[in-house]
RNA sequence: GGAGAGGUCGCAUAGUUGGUCUAGUGCGCUGGUCUUGAAAACCGGUACGUCGCAAGAUGUCGAGGGUUCGAAUCCCUCCCUCUCCGCCA
């Protein structure tokens with residue numbers, strides 16, 4: 011949520027944001043401001059009336075004489091219907107205003123490139139094991155960087171045609187989507203054996219790293235009331251992406267939703283709190299299952315475990331001061347890069363354009379993609395987002411600055427490891443010509459073995 | 001599933017014949033006095049929102065209605081939290 015004062019004073023900036031984010035038609039800023047000024051007018055009148063009423067009440071309290079008292083009471087009675095009328099108008103307009111405010115998006119940061127769709131995202135870095143970062147002139151927009159895809163798998167000859175993760179997974183009996191379809195329906199999976207061990211190994215590696223970077227672990231709830239989801243702006247826009255839990259047998263009568271990411275749960279941890287300036291930035295990570303309906307993606311990515319209704323994710327969340335946003339943003343995606351480099355996985359980084367910034371709260375976002383040899387393309391694995399004060403304003407997360415003034419905090423989030431997709435990337439990039447999986451070197455001390463095979 | 005208690009401006013509490021509640025007190029935090037320094041003691045300040053340059057005004061005592069000239073206080077509806085028993089990972 012943006013500050014209504016800012017919207018009043020800068021309507022053109024907001025209109026531009028709506029347009030640049032390709033959200034025209036979702037909210038009419040002029041209409042919003044019209045209702046806002048109506049509300050302000052009513053509030054002003056109400057304030058006056060209430061003042062009169064309170065003054066009279068003060069007099070009534072002290073006056074002992076009965077007839078004099080009656081006069082005052084009568085006088086006050088006249089005010090009552092006026093107050094009620096205005097209050098009624100106000101309670102009519104307030105929800106309309108609130109609803110409209112929910113559809114005002116955050117403003118893209120100044121360094122976000124303009125774009126009308128994902129094709130306008132800008133590639134800012136690409137890294138290939140053995141080579142390192144590609145030169146700036148070799149990266150650019152999608153078609154350009156495709157010329158610089160990795161030529162060969164680490165453990166297979168150049169002429170070897172890479173298999174996809176599902177074929178490999180089924181052969182090695184480590185991925186099973188047939189039985190999960192029977193048990194839970196489409197878009198679920200069983201991950202077992204060596205691959206499951208790899209999942210824990212990956213966690214071991216990454217958790218050790220992020221703890222050394224001063225991220226504190228937290229185990230959050232994954233069923234939330236809607237407040238938390240509105241707070242992070244996953245609602246109302248993404249409401250169709252989350253599962254609502256049938257609550258007939260729950261003690262609480264409020265609706266509960268399964269998280270699509272631990273982000274709402276983690277930031278709601280700070281909801282309605284005033285944070286300690288000296289402890290900022292607050293850096294935490296959580297590892298939870300995530301649940302998504304994938305409405306709108308039906309028929310897309312149906313093969314394997316790339317897009318499933320339930321997946322595990324390690325997420326990094328930071329609450330900080332405004333002047334810490336930039337350095338934290340960088341720190342977050344450097345952590346992701348560290349992970350990919352440790353695993354020697356080819357990856358590239360995109361700066362998202364205005365049209366593709368993710369959700370409403372997002373002011374700036376970068377996406378990380380890892381090479382998938384079977385697709386001869388990259389798969390999106392991670393994104394780092396700065397929402398500035400947008401979420402904090404809705405969640406009411408504040409701190410007192412050096413002068414004691416109350417300020418809204420800034421929130422940033424990053425995917426640490428999306429387990430499913432990381433496993434896909436490892437399986438595919440580390441296959442050998444026998445269709446076995448070599449365990450990445452950095453993970454071997456955690457897995458205790460160096461090969462996933464059929465024997 | 002059964003029974004009970006309760007939701008007050010960081011935390012803990014006071015506040016139930018409606019008007020000195022513009023919400024008291026303790027703790028915590030904070031400024032000051034004192035002190036070589038600290039502690040203690042004492043004095044002061046400490047919820048949030050809105051309007052306003054300010055003075056100030058106004059709203060919020062879980063939420064929403066209602067009664068009343070006037071509601072933290074009375075009535076109604078709803079929500080939430082906790083405790084005990086039962087069942088159970």
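In this note's numbering, the protein residues as written are 11 to 465. Using N, Cα and C, we set each Cβ at its ideal position, and we do this for glycine too. Please read these numbers as outputs of a predicted model, since none were measured by experiment.
Taking buried to mean at least 16 other C-beta atoms within 10 Å of its own C-beta, is residue i buried or exposed?
| i | result |
| --- | --- |
| residue 190 | buried |
| residue 403 | buried |
| residue 124 | exposed |
| residue 267 | buried |
| residue 421 | buried |
| residue 458 | exposed |
| residue 81 | exposed |
| residue 243 | buried |
| residue 133 | buried |
| residue 374 | buried |
| residue 285 | buried |
| residue 291 | buried |
| residue 341 | buried |
| residue 308 | exposed |
| residue 430 | buried |
| residue 16 | exposed |
| residue 383 | buried |
| residue 335 | buried |
| residue 450 | buried |
| residue 280 | buried |
| residue 393 | buried |
| residue 141 | exposed |
Which residues in the same chain as residue i place their Cβ atom closer than 6 angstroms to its Cβ, once the five residues preceding and following it in sequence are excluded?
| i | result |
| --- | --- |
| residue 354 | 139 |
| residue 314 | 175 and 176 |
| residue 323 | 300 and 428 |
| residue 165 | 442 and 448 |
| residue 246 | 112 |
| residue 238 | 274 and 278 |
| residue 507 | In this structure the chain extends from 11 to 465, so residue 507 is not present and cannot be described. |
| residue 56 | 96 |
Quick one: what's residue i bridged to in DSSP?
| i | result |
| --- | --- |
| residue 421 | 329 |
| residue 462 | 447 |
| residue 267 | 234 and 254 |
| residue 410 | 416 |
| residue 428 | 323 |
| residue 284 | 408 |
| residue 387 | 382 |
Go through its chain and collect everything with a Cβ distance to residue i's Cβ below 7 angstroms, but skip five positions before and after it.
| i | result |
| --- | --- |
| residue 445 | 173, 178 and 181 |
| residue 162 | 168 |
| residue 271 | 300, 323 and 325 |
| residue 131 | 125, 360, 361, 362, 363 and 366 |
| residue 203 | 183 and 184 |
| residue 372 | 116, 395 and 397 |
| residue 79 | 70 and 73 |
Any idea what DSSP makes of residue i, helix, strand or coil?
| i | result |
| --- | --- |
| residue 245 | coil |
| residue 382 | strand |
| residue 360 | strand |
| residue 21 | helix |
| residue 36 | coil |
| residue 173 | coil |
| residue 393 | strand |
| residue 58 | helix |
| residue 13 | coil |
| residue 452 | helix |
| residue 377 | strand |
| residue 441 | strand |
| residue 74 | coil |
| residue 81 | helix |
| residue 118 | coil |
| residue 100 | helix |
| residue 113 | coil |
| residue 350 | helix |
| residue 368 | coil |
| residue 183 | coil |
| residue 355 | coil |
Going by beta carbon distance, what residues of the same chain come within less than 8 angstroms of residue i, once the five residues before and after it are set aside?
| i | result |
| --- | --- |
| residue 295 | 217, 220, 225, 226, 227, 228, 324, 325, 326, 327 and 426 |
| residue 158 | 136, 138, 144, 148 and 149 |
| residue 39 | 17, 21, 24, 25, 28 and 114 |
- Item | Unbroken stretches of the alpha helix (DSSP H), 4 residues or longer, contained in the segment 287-334 | DSSP runs (the alpha helix (DSSP H)) wholly in the segment 287-334: none.
- Message: Give the list of continuous alpha helix (DSSP H) stretches no shorter than 4 residues that lie fully inside the segment 185-256.
- Response: Listed in chain order, the complete alpha helix (DSSP H) runs (minimum 4 residues) inside the segment 185-256 are 188-193, 203-222 and 236-241.
- Message: Which runs of the beta strand (DSSP E) at least 3 residues long sit entirely within the segment 120-168? Give them in chain order.
- Response: Here the runs fully enclosed are 132-138.
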